[in-house]
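Residue numbers for the sequence shown follow the working numbering, so the first one is 31 and each next one is one higher.
Just so it is clear, CB atoms sit at the ideal spot from N, CA and C, and this is done for glycine as well.
Computed from a prediction, not measured in an experiment: that's the story for all the values here.
Take a look at the structure set out below.
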Amino acid sequence: IVFIIAGCYFFYNEAIDPMIQKYQAARSYKEAIDPNRVAVLSPDMKRVRALQQEAAAIRATEAEEERKKKVKSEKERKRVKSPEEER
């Protein structure tokens, strides 16, 4: 009985499971390239992409401001102070 169970397990892993995976991948690809589905998703993709672009632009401006502040503080830190300023 143990050998039968081990044989069934091996047969399932080596023959049946890859066949099921291949079938599911083919079906998923067929659904993904279906023109009716793509036409419905296109406006959504454009809307999401616009939101992503907007968020990226905001992050970029914040990062630029942060970089400028960092450069300014680094410049101030490295600047040599005159004796009059030290008093």
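(1) With a floor of 4 residues, list each alpha helix (DSSP H) that falls wholly inside the region 31–66, ordered by position along the chain.
(2) By DSSP, does Val101 sit in helix, in strand, or in coil?
(3) What does the alpha-carbon distance come out to for the pair Arg77 and Gln51?
(4) Quick check on DSSP: helix, strand or coil for Lys120?
So, from the listed chains and residues:
(1) 32–41, 47–62
(2) helix
(3) 33 Å
(4) Nothing can be reported for residue 120, as the shown portion of the chain is limited to 31 through 117.
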